[in-house]
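S.K.: Just dropping this structure here.
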Amino acid sequence: KNQVEQSPQSLIILEGKNCTLQCNYTVSPFSNLRWYKQDTGRGPVSLTIMTFSENTKSNGRYTATLDADTKQSSLHITASQLSDSASYICVVSASGGSYIPTFGRGTSLIVHP
Amino acid sequence: NAGVTQTPKFRVLKTGQSMTLLCAQDMNHEYMYWYRQDPGMGLRLIHYSVGEGTTAKGEVPDGYNVSRLKKQNFLLGLESAAPSQTSVYFCASRSLSGELFFGEGSRLTVL
Chain V
3 KNQVEQSPQS LIILEGKNCT LQCNYTVSPF SNLRWYKQDT GRGPVSLTIM
53 TFSENTKSNG RYTATLDADT KQSSLHITAS QLSDSASYIC VVSASGGSYI
103 PTFGRGTSLI VHP
Chain A
127 NAGVTQTPKF RVLKTGQSMT LLCAQDMNHE YMYWYRQDPG MGLRLIHYSV
177 GEGTTAKGEV PDGYNVSRLK KQNFLLGLES AAPSQTSVYF CASRSLSGEL
227 FFGEGSRLTV L
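Chains as they are written, first to last, in our numbering: chain V, 3 to 115; chain A, 127 to 237.
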């Protein structure tokens with residue numbers, strides 16, 4: 003069964019600090035992995051996509067990594083801001099005509115001033 | 127550029143009542159999905175559609191029905207609402223690259 007596990011479940015940091023969120027998956031055959039950001043009361047929005055051949059990708063202060071051998075991804079947030087407070091969801095898609103991506107349960111990040 | 131629009135945004139029902147949630151997308155996407163989100167459970171797939179006139183069951187389909195009569199619209203129906211269906215419902219459509227575009231959610235409370 004395809005699964006995506008995220009850790010930690012929740013995280014509290016001070017504004018300006020860095021943090022790293024983890025995602026482990028068992029989706030096969032692997033196609034791509036996306037990180038979504040979900041602000042409170044809003045729908046998730048895609049932050050970045052990682053394919054099999056990519057191991058690092060940045061989007062502003064967000065940097066995603068992928069290790070396809072160990073089936074792990076991380077999302078690193080640099081110099082956190084209050085607006086980074088949100089839930090971050092890891093979503094993995096399989097290849098071969100699958101229409102259903104597999105979702106992690108998300109990491110809830112709170113940034114305190 | 128509206129993207130994915132869900133209506134209504136909020137609804138309160140009594141047990142046994144019926145209702146329909148409407149999802150509309152203006153991006154000409156073939157694939158559309160309905161999810162529910164509950165605290166600590168993440169997003170769970172209710173039903174999905176791979177094109178006009180097609181629907182399929184997801185992970186938690188019981189108590190829900192769907193229809194995709196037009197490509198741009200995906201309707202989620204509750205025939206006889208139960209308190210266990212109190213949740214936030216999200217509709218999404220999928221681009222050719224696989225990116226999901228979500229609506230803003232519909233918060234349903236069943237008393």
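In this text, a Cβ means the ideal position worked out from N, Cα and C, and glycines have one as well.
1. Let's test the definition: count the other Cβ atoms within 10 Å of the Cβ of Val138/A and tell me whether it reaches 16, buried, or not, exposed.
2. Closest to Gln8/V by CA distance: which of Pro115/V, Thr109/V, Gly98/V is it?
3. Exposed or buried, Met167/A, counting other C-beta atoms within 10 Å across all chains shown (16 or more means buried)?
4. How would you list, in chain order, the residues of chain V whose beta-carbon sits under 7 Å from the beta-carbon of Val186/A?
5. Using DSSP's beta-bridge definition, name the partner residues of Arg170/A.
6. Gln211/A by DSSP, collapsed to three states: which one?
7. Among Pro165/A, Thr212/A, Leu204/A, Val176/A, whose alpha-carbon lies nearest the alpha-carbon of Leu195/A?
8. Could you name the residues of chain V that Phe136/A contacts, counting a contact when the two beta carbons are closer than 9 Å?
9. Under 8 Å by Cβ, that's how I've got Thr180/A and Val192/A pegged, so tell me the actual separation to the nearest angstrom.
10. Output the distance between the C-alpha atoms of Arg13/V and Thr22/V, rounded to the nearest integer angstrom.
11. List, in chain order, every chain D residue whose beta-carbon is nearer than 8 Å to that of Gly177/A.
M.R.: In terms of the structure at hand:
1. Counting from 1 along the second sequence, the entry for residue 138/A is found at position 12. Val138/A should be labelled exposed.
2. As a working mapping, residue 8/V is identified with position 6 in the first sequence. Closest by alpha carbon: Thr109/V.
3. In the second sequence, counting from the first residue as 1, residue 167/A sits at position 41. Using a 10 angstroms sphere on the CB of Met167/A, the tally of other CB atoms stays under 16, which defines it as exposed.
4. For the purposes of this step, residue 186/A is identified with residue 60 of the second sequence, where counting begins at 1. Those do not exist, as Val186/A stays about 13 Å from chain V at its closest Cβ, beyond 7 Å.
5. Position 44 of the second sequence holds residue 170/A. According to DSSP, Arg170/A bridges with Arg162/A.
6. By 1-based counting over the second sequence, the position of residue 211/A is 85. Gln211/A falls in the helix class under three-state DSSP.
7. Taking the first residue of the second sequence as 1, we reach residue 195/A at position 69. When each option's Cα is compared against that of Leu195/A, the closest is Val176/A.
8. Against the second sequence, residue 136/A aligns to sequence position 10. Simply none; closest approach about 11 Å.
9. One-based indexing of the second sequence puts residue 180/A at position 54. One-based indexing of the second sequence puts residue 192/A at position 66. With a Cβ gap of about 10 Å, Thr180/A and Val192/A do not count as contacting.
10. Numbered from 1 along the first sequence, position 11 holds the residue referred to as residue 13/V. Numbered from 1 along the first sequence, position 20 holds the residue referred to as residue 22/V. The amino acid at residue 13/V is misidentified as Arg; the sequence shows Leu. The alpha-carbon atoms of Leu13/V and Thr22/V are separated by roughly 10 Å.
11. You won't find chain D in this structure, because its protein chains are V and A.
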